[in-house]
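Here is the structure we will look at.
Numbering (the working numbering), first residue to last: -17 to 132.
If you want it as structure tokens, here you go:
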């Protein structure tokens, strides 16, 4: 029995698991959303939220703690400059996990973990990408029309 043994092992030894979680938290804070397996998403959620809470403190000690955990210094600065101020009026619960279903190859439960408010930027990015591809399609169609006229 696993009484009082919190956390998931994720089929890895301690050092591999710690490195994996640090990488995932760094990537999650960098991009604002991450698609991974459900157990990994559930494990990185409290770690990422702890980094944001430290960012809200904005003390020298908090900065050093965040920089010690995250793998990129630029992401640590981003936590203090952009992410933490966005959640200044919120007491926790900075992210959401959306279940996607099973992965085709191995049947693992997949999920998206995202920061609250990041879905707006993703929708804008998708709309911009769609507009860009539509413009390219229109340009190609115009070129074909010009060649047909000549």
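Glycine residues also receive a C-beta, built at the ideal position from the N, C-alpha and C atoms. Just so we're clear, the structure is a prediction, and the values are computed from it rather than from any experiment.
- By the neighbour-count criterion, in which a residue is buried when 16 or more other Cβ atoms sit within 10 angstroms of its Cβ, residue 95 is buried.
- Looking at the backbone, the Cα of residue 54 and that of residue 8 are separated by about 7 angstroms.
- With fewer than 16 other Cβ atoms inside 10 Å of its own Cβ, residue 17 counts as exposed.
- Contact between the stretch 63 to 83 and the stretch -8 to 9 is absent: fewer than three C-beta pairs spanning the two stretches fall below 8 angstroms.
- Around the beta carbon of residue 86, fewer than 16 other beta carbons sit within 10 angstroms, so the residue counts as exposed.
- Taking C-alpha positions only, residue 31 is separated from residue -14 by approximately 22 angstroms.
- In its chain, beyond the 5 residues on either side, 3, 6, 7, 10, 95 have a beta carbon closer than 7 angstroms to the beta carbon of residue 26.
- Distances from the alpha-carbon of residue 20 to those of 38, -8, -16, 41 put -8 closest.
- In the three-state reduction of the DSSP assignment, residue -16 falls in the coil class, being assigned neither a helical nor a strand state.
- Apart from sequence neighbours up to five positions away, the residues of its chain that approach residue 49 with a beta-carbon distance below 8 angstroms are 55, 58, ordered along the chain.
- For residue 47, same chain residues with a beta-carbon under 6 angstroms away, outside a window of 5 residues either side, are 36 in chain order.
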